[in-house]
Amino acid sequence: MTELVLKNKINRQKLDSIVIFLKSWGIDVEIKTASKSKKTDVKELFSESFGMWADRDIDIKKIRRKSFERRTKLYDIVYRTNWI
33 MTELVLKNKI NRQKLDSIVI FLKSWGIDVE IKTASKSKKT DVKELFSESF GMWADRDIDI
93 KKIRRKSFER RTKLYDIVYR TNWI
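As structure tokens, this is what we get:
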């Protein structure tokens with residue numbers, strides 16, 4: 033199944049013309065009108081990730097140290113081996 037989504041409001045006459053055109057090519061057409069979707073709150077999205085790290089002992093110092101080590105290794109590979 034392939035979907036064609038019209039994002040803006042379209043007047044009924046134009047919509048009927050599109051339907052007639054598609055049906056003339058033997059394409060099955062179904063019209064569904066979607067209600068406006070509610071915006072997902074950023075706080076909601078953030079709070080959904082809380083349980084993801086529940087069983088791990090993680091703090092910002094460990095994260096920064098690990099990141100620094102990765103950047104240092106990458107620097108060594110790229111610049112000290114004349115890779116670029």
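Heads up: the sequence shown at position 83 corresponds to 115 in our numbering, and the numbers run straight through without jumps. Positions of the beta carbon are idealized from the N, C-alpha and C atoms, including for glycine.
1) Go to V51, then tell me how far its alpha helix (DSSP H) extends in each direction, as first and last residue.
2) Express the C-alpha separation of I63 and I95 in angstroms, rounding to a whole number.
3) Considering only C-alpha positions, which residue in the set E101, I90, E80 and S67 is nearest to N40?
4) Is it true that the CB of L47 sits closer than 9 Å to the CB of L38?
5) Check S94 in the structure and name its three-state DSSP category.
Put simply:
1) Looking up residue 51 in the sequence shown gives position 19. Counting along the chain, the alpha helix (DSSP H) containing V51 begins and ends at R44 to S56.
2) Taking the sequence shown and counting its residues from 1, one reaches residue 95 at position 63. Taking the sequence shown and counting its residues from 1, one reaches residue 63 at position 31. Their Cα atoms are separated by approximately 50 Å.
3) For the purposes of this step, residue 40 is taken as the residue at position 8 of the sequence shown. N40 has its Cα closest to that of S67, out of E101, I90, E80 and S67.
4) Along the sequence shown, read from residue 1 onward, the residue named residue 38 stands at position 6. Along the sequence shown, read from residue 1 onward, the residue named residue 47 stands at position 15. It is a contact, given that the beta carbons lie within the stated cut-off.
5) Counting from one through the sequence shown, the residue named residue 94 turns up at place 62. The sequence given here has Lys at residue 94, not Ser. Of the three classes helix, strand and coil, the one that applies to K94 here is helix, per DSSP.
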